[in-house]
Amino acid sequence: MAHLTQIDLTNWVALYTATGLCCAIAMVLSVSVAGIRLYREQSWQEVRTIRGAVLFLPKTWWRWQKLYLLSTPVTLAIVVSFGMSLTWS
Numbered sequence: 001m002a003h004l005t006q007i008d009l010t011n012w013v014a015l016y017t018a019t020g021l022c023c024a025i026a027m028v029l030s031v032s033v034a035g036i037r038l039y040r041e042q043s044w045q046e047v048r049t050i051r052g053a054v055l056f057l058p059k060t061w062w063r064w065q066k067l068y069l070l071s072t073p074v075t076l077a078i079v080v081s082f083g084m085s086l087t088w089s
């Protein structure tokens with residue numbers, strides 16, 4: 001089994017750090033946009049009925065999930081381009 005050189009190890013740590021940073025930014029933006037949309041549409045008013053109360057959380061989660069998953073191609077593009085710019089041994 002081949003061991004990683006110091007350069008390779010540093011590059012992998014940098015890639016994981018960049019990925020984590022991009023995912024954190026995507027999380028903050030998607031939660032913010034979902035919250036703003038919920039506020040503008042006043043979605044909590046649907047909670048007055050039992051059916052609305054039961055479906056409020058899944059609808060909110062799905063709304064956030066769609067926003068977060070839309071960031072995947074951008075995150076992949078950023079991390080791949082960053083990884084290609086690194087010098088590998």
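Number 87 in UniProt numbering belongs to position 87 of the sequence shown; there are no gaps in the numbering. Just so you know, even glycine gets a beta-carbon here, dropped at the ideal spot from N, CA and C.
Separation of residue 20 and residue 4 (C-alpha to C-alpha, rounded to the nearest whole angstrom) is 21 angstroms. Residue state for residue 89 is assigned as coil, using DSSP reduced to three classes.
The shortest CA-to-CA distance from residue 79 to any of 36, 18 and 55 is the one to 18. Remark: three or more beta-carbon pairs, one from each stretch, lie closer than 8 angstroms, so the stretch 61-71 and the stretch 24-33 are flagged as touching. Within the model, the alpha-carbon separation for residue 43 versus residue 22 is close to 29 angstroms.
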